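Residues 1 to 105 (full-length UniProt numbering) make up the sequence shown, in order. Each residue gets a CB set at the ideal place from its N, CA and C atoms; glycine is no exception. Predicted model, so just to flag it, every value in this text is computed and none were measured. Taking it in order: structure first as structure tokens, then the write-up.
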Amino acid sequence: LDFCAAHSIQLHHLGVLYSTNAWDPITEDVVLQALHLLVQPSTYPVLVMCNLGRHRTGTVIGCLRKLQRWCLSAILEEYRRYAGQKVRVMNEQFIELFDEELVFG
């Protein structure tokens, strides 16, 4: 936190707590909070991360890609590239079914 303060970096913690259950999914509310930050140019440059940078980050970025009008196959390919052998179908389904209108509605 000192580093962030010293370099005028805004840190946004979205309330995702460490979970002992690795299968706990990211909530739609947290995804929406993240996307509201990501669509604001005033937050750029931006770094999105979670504890491993795979599933929660991958889900948020997958939903961002939907907002950017990427085709679903490209979104899922990017998610799979970073998730490696630990792809979670429930995250892919979340991305596929995510309603972009929730961000701007």
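Sort the options by Cα distance to residue i and report the nearest one.
| i | options | result |
| --- | --- | --- |
| Arg65 | Asn51, Glu92, Arg88 | Glu92 |
| Gly15 | Ser8, His7, Ile26, Ala6 | Ile26 |
| Thr43 | Ser8, Arg81, Val103, Leu72 | Ser8 |
| Phe94 | His13, Leu32, Phe3 | Leu32 |
| Gly53 | His12, His13, Tyr79 | Tyr79 |
| Gln10 | Val87, Asp29, Met90, Leu37 | Leu37 |
| His12 | Leu47, Lys86, Arg81 | Leu47 |
Below 6 Å CB to CB, which residues in the same chain sit around residue i once its five sequence neighbours on both sides are set aside?
| i | result |
| --- | --- |
| Cys50 | Arg56, Thr57 |
Under the rule that 16 or more other beta-carbon atoms within 10 Å means buried, what is residue i, buried or exposed?
| i | result |
| --- | --- |
| Val60 | buried |
| Gly62 | buried |
| Ala83 | buried |
| Ala5 | exposed |
| Ala74 | exposed |
Excluding the five sequence neighbours on either side, which residues of its own chain have a C-beta within less than 7 Å of the C-beta of residue i, listed in chain order?
| i | result |
| --- | --- |
| Glu96 | Leu72 |
For the ligand MG, I want to know if residue i counts as a neighbour, meaning its beta carbon is within less than 6 Å of at least one of the ligand's heavy atoms.
| i | result |
| --- | --- |
| Phe98 | Annotation note on the ligand MG: not contained in the displayed structure, which lists no ligands. |
Residues in the same chain with beta-carbon distance under 8 Å from residue i, minus the five sequence neighbours each way, listed in chain order, please.
| i | result |
| --- | --- |
| Asp2 | none |
Validate contact between the segment 88-103 and the segment 65-75 using beta carbons, cut 8 Å, 3 pairs: Three or more beta-carbon pairs drawn from the segment 88-103 and the segment 65-75 are found closer than 8 Å, and the two stretches are therefore classed as touching.
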